[in-house]
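Data first, discussion second: the structure below is written as structure tokens.
2 protein chains.
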Amino acid sequence: MKIVFSQRKLLDSINIVQRAISPRTTLPILEGILIATEKDVVKIVATDLQLGIETFIDAKIIEQGSVVVPSRIFSDIIRRLPEGDIEFTVDSGYKIEMKTFNSVINLQGLDAREYPELERIEEINPIEIEERILKDMINRTIFSVSVDETRPVYTGALFEQEEDNITIACLDGYRLAVRKDKTDMSAQRTEVVIPGKSLDEVSKIIGNTDKKLSIIIGEKHVLFDLGYTRIISRLLEGDFLSYRQIIPQDYSIRVKVDTHLLQSSIERACLIAREGENNLIKFSIKEDKMVITSNSEIGNIFEEVPILLEGNELDIAFNGRYFLDILKAIEDDEICLDFTTNINPCVVRPLDGREDYTYLLLPVRVFI
Amino acid sequence: MKIVFSQRKLLDSINIVQRAISPRTTLPILEGILIATEKDVVKIVATDLQLGIETFIDAKIIEQGSVVVPSRIFSDIIRRLPEGDIEFTVDSGYKIEMKTFNSVINLQGLDAREYPELERIEEINPIEIEERILKDMINRTIFSVSVDETRPVYTGALFEQEEDNITIACLDGYRLAVRKDKTDMSAQRTEVVIPGKSLDEVSKIIGNTDKKLSIIIGEKHVLFDLGYTRIISRLLEGDFLSYRQIIPQDYSIRVKVDTHLLQSSIERACLIAREGENNLIKFSIKEDKMVITSNSEIGNIFEEVPILLEGNELDIAFNGRYFLDILKAIEDDEICLDFTTNINPCVVRPLDGREDYTYLLLPVRVFI
Numbered sequence: 201m202k203i204v205f206s207q208r209k210l211l212d213s214i215n216i217v218q219r220a221i222s223p224r225t226t227l228p229i230l231e232g233i234l235i236a237t238e239k240d241v242v243k244i245v246a247t248d249l250q251l252g253i254e255t256f257i258d259a260k261i262i263e264q265g266s267v268v269v270p271s272r273i274f275s276d277i278i279r280r281l282p283e284g285d286i287e288f289t290v291d292s293g294y295k296i297e298m299k300t301f302n303s304v305i306n307l308q309g310l311d312a313r314e315y316p317e318l319e320r321i322e323e324i325n326p327i328e329i330e331e332r333i334l335k336d337m338i339n340r341t342i343f344s345v346s347v348d349e350t351r352p353v354y355t356g357a358l359f360e361q362e363e364d365n366i367t368i369a370c371l372d373g374y375r376l377a378v379r380k381d382k383t384d385m386s387a388q389r390t391e392v393v394i395p396g397k398s399l400d401e402v403s404k405i406i407g408n409t410d411k412k413l414s415i416i417i418g419e420k421h422v423l424f425d426l427g428y429t430r431i432i433s434r435l436l437e438g439d440f441l442s443y444r445q446i447i448p449q450d451y452s453i454r455v456k457v458d459t460h461l462l463q464s465s466i467e468r469a470c471l472i473a474r475e476g477e478n479n480l481i482k483f484s485i486k487e488d489k490m491v492i493t494s495n496s497e498i499g500n501i502f503e504e505v506p507i508l509l510e511g512n513e514l515d516i517a518f519n520g521r522y523f524l525d526i527l528k529a530i531e532d533d534e535i536c537l538d539f540t541t542n543i544n545p546c547v548v549r550p551l552d553g554r555e556d557y558t559y560l561l562l563p564v565r566v567f568i
Numbered sequence: 201m202k203i204v205f206s207q208r209k210l211l212d213s214i215n216i217v218q219r220a221i222s223p224r225t226t227l228p229i230l231e232g233i234l235i236a237t238e239k240d241v242v243k244i245v246a247t248d249l250q251l252g253i254e255t256f257i258d259a260k261i262i263e264q265g266s267v268v269v270p271s272r273i274f275s276d277i278i279r280r281l282p283e284g285d286i287e288f289t290v291d292s293g294y295k296i297e298m299k300t301f302n303s304v305i306n307l308q309g310l311d312a313r314e315y316p317e318l319e320r321i322e323e324i325n326p327i328e329i330e331e332r333i334l335k336d337m338i339n340r341t342i343f344s345v346s347v348d349e350t351r352p353v354y355t356g357a358l359f360e361q362e363e364d365n366i367t368i369a370c371l372d373g374y375r376l377a378v379r380k381d382k383t384d385m386s387a388q389r390t391e392v393v394i395p396g397k398s399l400d401e402v403s404k405i406i407g408n409t410d411k412k413l414s415i416i417i418g419e420k421h422v423l424f425d426l427g428y429t430r431i432i433s434r435l436l437e438g439d440f441l442s443y444r445q446i447i448p449q450d451y452s453i454r455v456k457v458d459t460h461l462l463q464s465s466i467e468r469a470c471l472i473a474r475e476g477e478n479n480l481i482k483f484s485i486k487e488d489k490m491v492i493t494s495n496s497e498i499g500n501i502f503e504e505v506p507i508l509l510e511g512n513e514l515d516i517a518f519n520g521r522y523f524l525d526i527l528k529a530i531e532d533d534e535i536c537l538d539f540t541t542n543i544n545p546c547v548v549r550p551l552d553g554r555e556d557y558t559y560l561l562l563p564v565r566v567f568i
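Going line by line, the protein sequences match chains U and D. Quick note: the first sequence uses the working numbering, first residue 201, plus one each step. Quick note: the second sequence uses the working numbering, first residue 201, plus one each step.
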């Protein structure tokens, strides 16, 4: 096997596929990256068996072949080589030689036949979406994914498509994050659960551009096809809560508030609250202001945020960190907080009746 | 006690003095920052008893007084308050109240009389030096300070002044870094050892400007007077090696080399070497090139760097990390490496005979 790579292109490809390598794998071959020629292009692949990434690069192929390279040292070396050509040769014993104008590096590779095949998914009924829209939807919901491995389905995000709506919903025991957007019309309804970690890596690989990518849902896998790069993830099995049923449709109290003022007041309150238990902060919603307080052994804080109130006054308590996560995920300058009682969830929605986001947070019950 | 601070000025001052606070102190009062009015300015102080920093800020003093504030939470809160005025009040029980237009924060402070006094040093015979020159001298030597606490004097840097020369020298068991520069003429000779940690903090506080600061050497302390801020450090006791005696004056082999080419070749060699022992890299100095090699269980590397050689060919081995530290501290594009034999140190010097830096590194003895 013999290939002449451009250092820049090879490094870009390795940076992409490396996201699929798990830092703690028990299968040594999975610490490697597969490099294989496919006719006139080179395929670079990595996987942790849950998530697989393959990307294709142009290179000058002198002799066809394939090898698995040790990923960490290989990427460290490629990163440190000067821009320009790298002559990459592999002998029959999988010994790798990399040559530039003043360096020769030898590493031991592994037999590519030992490397697991990525799942093939038939590319039918692709869902097409702009990269920046998908990136945004992921980044604004993924923080609500559960970290509790005992109920694995909730470590994933519910991904739905129906007609021309696309939705991502994430929930753990305390909060729900839902983002909606538009795609092309689709005849069939899709509803799958994608691991949070896979979506997180997808959002890091895709750009902030209006270039479209295709999402193809298979039996047990999902494929994100970016053209030059394909990301294949297993789906999670199990029943996901019908999240629509837990979003209250009515409210008796609506607070309109400036997102940034609310966020900075809660941030300060959290500094005091983090020294106590549960990051507990209290809201006291009054006629024209919301008073936010917290206290712990180190002291106490009292914040006032101007609001517009519809409905009655209310005292309610939350985990301040969770509330901050929601506020940080919102792009609007002003939002609605909808309440019913101090034991019902708070629903955070856009001011103007748009339905592109809904966040829900359970209050903490306290003897106020 | 009542003061109106500007949030911005207070935050800047806290960021400076906080560098003296040790993350693991056994004296609770040293986790605090002293805030005390002194006539019409406010003094902000922190110390770990080794290093003390005090800075002065303008503020509207309504009632004189002093208090020790808990540093971590205090700085976190000040950082998160909006720009503008902070009304800072302390009652007789050291209860602190901070008020802005929409926040009220209460913290418990401590009695300022419990706070240790910083050492007073009589400001005689100041050594005047531009901030950027001192910053540079520190940053380009401090990496050679020893981390071995069993010989404390070498955890410090030797600071010398004689006539119009100023020198900083740091050494551990394997290497020596010396930087020289010019100051005003001085009648007396100064030679003290300043803790590496103190110099490191000094270099972070001073700017990259040509503003001058004064260094005043006391009996057991040194004072860096920046005008608005004063940094006081203990000196280290003990005999520091006469480092001039260990720098070979002669050489039999001189290599002239491009600093950046050498650095990037050694960086790559270190990637392979780090998997083995001692970060061992080997130089084979030949007529017109230096061959740098290293090998470990993961593979091997062979690098060629063009050189100009005076003298005989030589094979010699080094700890590659130590060699890199030296190269990173050098601003010249080309340097001299001077050798005698493969068991004598390598001396790194400027090409043009300048004496502003000298680095020395002991080779590693191997059966080449």
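In this text, a Cβ means the ideal position worked out from N, Cα and C, and glycines have one as well. Predicted model, so just to flag it, every value in this text is computed and none were measured.
Option in D:L211, D:D248, D:K209 and D:D212 with minimal Cα separation from D:T226: Taking the second sequence and counting its residues from 1, one reaches residue 226 of chain D at position 26. Scanning D:L211, D:D248, D:K209 and D:D212 for the CA closest to the CA of D:T226 turns up D:D248.
D:V564 versus U:N302 - alpha carbon distance: Counting from one through the second sequence, the residue named residue 564 of chain D turns up at place 364. Counting from one through the first sequence, the residue named residue 302 of chain U turns up at place 102. Rounded to the nearest angstrom, the two C-alpha atoms are 25 Å apart.
CB contact below 8 Å: U:S484 versus chain D: Position 284 of the first sequence, counted from the start, is the residue given in the question as residue 484 of chain U. No Cβ of chain D is located within less than 8 Å of the beta carbon of U:S484.
Partners in chain D for U:R280, counting only beta-carbon separations shorter than 8 Å: If you number the first sequence from 1, residue 280 of chain U lands on position 80. Within chain D, the residues near U:R280 are S464, E467, R468 and L471.
Under 8 Å by beta carbon: chain D residues contacting U:Q308: Here residue 308 of chain U refers to the residue found at position 108 of the first sequence. I498 and G499, listed in chain order.
Reference D:V378; option with closest CA among D:E322, D:I366, D:Q388 and D:D384: Translated into positions along the second sequence, residue 378 of chain D becomes position 178. Out of D:E322, D:I366, D:Q388 and D:D384, D:I366 has the C-alpha closest to the C-alpha of D:V378.
Enclosing beta strand (DSSP E) for D:M186 [first to last residue]: No answer is possible for residue 186 of chain D: it lies beyond the span of chain D, which begins at 201 and ends at 568.
Residue of D:V267, D:K209, D:I216 and D:E263 minimising C-alpha distance to D:L234: Start at 1 with the first residue of the second sequence, and residue 234 of chain D comes out as number 34. With distances taken between Cα atoms, D:L234 lies closest to D:V267.
Close-in-space but distant-in-sequence residues of the same chain around D:V566 (CB under 6 Å, 5 per side omitted): Counting from 1 along the second sequence, the entry for residue 566 of chain D is found at position 366. Answer for D:V566: A517, listed in chain order.
Proximity of U:E297 and U:I432 at Cβ, strictly below 8 Å: Residue 297 of chain U sits at position 97 when you count from the first residue of the first sequence. Residue 432 of chain U sits at position 232 when you count from the first residue of the first sequence. At the C-beta level, U:E297 and U:I432 stay beyond 8 Å of one another.
Inside the region 276-339 of chain D only - beta strand (DSSP E) runs reaching at least 3 residues: Runs found: 285-290, 295-299, 303-308 and 327-330.
Where U:E401 sits in the DSSP three-state scheme: Position 201 of the first sequence, counted from the first residue, corresponds to residue 401 of chain U. Reduced to three states, the DSSP call for U:E401 is helix.
Contacts that U:E534 makes with chain D (C-beta to C-beta distance below 9 Å): As a working note, residue 534 of chain U is residue 334 in the first sequence. Chain D residues near U:E534: none, gap ~17 Å exceeds 9 Å.
Span separating the alpha-carbon of U:P326 from that of U:E362: Here the question's residue 326 of chain U lines up with position 126 in the first sequence. Here the question's residue 362 of chain U lines up with position 162 in the first sequence. Approximately 13 Å, taken between the alpha carbons.
Distance CB(D:G407)-CB(D:E331) smaller than 8 Å: Here residue 407 of chain D is taken as the residue at index 207 of the second sequence, counted from 1. Here residue 331 of chain D is taken as the residue at index 131 of the second sequence, counted from 1. Between D:G407 and D:E331, the CB-CB gap stays under 8 Å.
Candidates U:Q218, U:I277 and U:T237, of which the one nearest U:L251 by Cα: Mapped onto the first sequence, residue 251 of chain U falls at position 51. The candidate whose alpha carbon is nearest that of U:L251 is U:Q218.
Classification of D:E254 by the beta-carbon crowding that lies within 10 angstroms, buried from 16 upward: By 1-based counting over the second sequence, the position of residue 254 of chain D is 54. It is buried - the Cβ of D:E254 has at least 16 other Cβ atoms within 10 Å.
For U:D381 and U:L310, the rounded distance between their alpha carbons: Position 110 of the first sequence, counted from the first residue, corresponds to residue 310 of chain U. Position 181 of the first sequence, counted from the first residue, corresponds to residue 381 of chain U. Using only the alpha carbons, I get a separation of about 45 Å.
Three-pair Cβ contact test at 8 Å for the region 494-505 of chain D versus the region 435-451 of chain D: Counting Cβ pairs under 8 Å, fewer than three are found: no touch.
U:I431 in three-state terms, based on DSSP: For the purposes of this step, residue 431 of chain U is taken as the residue at position 231 of the first sequence. DSSP places U:I431 in the strand class (E or B) of the three-state scheme.
Residue burial classification, U:T409 (beta-carbon count within 10 angstroms, cutoff 16): Numbered from 1 along the first sequence, position 209 holds the residue referred to as residue 409 of chain U. Classification of U:T409: exposed, given that the 10 Å Cβ count is below 16.
U:K202 to U:I262 span [Cα, whole Å]: In the first sequence, counting from the first residue as 1, residue 202 of chain U sits at position 2. In the first sequence, counting from the first residue as 1, residue 262 of chain U sits at position 62. C-alpha separation (whole angstroms): 5 Å.
Below-8 Å beta-carbon distance, D:P352 vs any chain U residue: Taking the second sequence and counting its residues from 1, one reaches residue 352 of chain D at position 152. D:P352 has a beta carbon lying at 8 Å or more from every beta carbon in chain U.
Any non-hydrogen atom of the ligand ADP within 7 Å of D:G293 CB: Absence of the ligand ADP is noted for the structure shown, with no ligands found whatsoever.
Nonlocal neighbours in the same chain, by C-beta distance under 7 Å from D:G511, ignoring five residues either side: In the second sequence, residue 511 of chain D corresponds to position 311, counting from 1. For D:G511, where only same-chain residues beyond five positions count, the Cβ hits under 7 Å are S452, I453 and R454.
Per-residue contacts from D:E504 into chain U (C-beta, under 7 Å): Mapped onto the second sequence, residue 504 of chain D falls at position 304. Under the 7 Å cutoff, chain U gives N302.
Residue closest to U:L461, alpha-carbon to alpha-carbon, out of U:D532, U:T383, U:L423 and U:D348: Counted from its first residue, the first sequence places residue 461 of chain U at position 261. For the options U:D532, U:T383, U:L423 and U:D348, the alpha carbon positioned closest to that of U:L461 is the one of U:D532.
Rounded C-alpha distance that separates D:C546 from U:V402: Position 346 of the second sequence holds residue 546 of chain D. Position 202 of the first sequence holds residue 402 of chain U. Answer to the nearest angstrom: the Cα atoms are 50 Å apart.
Residue(s) in a DSSP beta bridge with U:H421: Working through the first sequence from its first residue, we reach residue 421 of chain U at position 221. Bridge partners of U:H421: U:R434.
Residue-level contact to chain U via CB, D:P270, 8 Å cutoff: As a position in the second sequence, residue 270 of chain D is number 70, starting the count at 1. So yes, D:P270 belongs to the interface.
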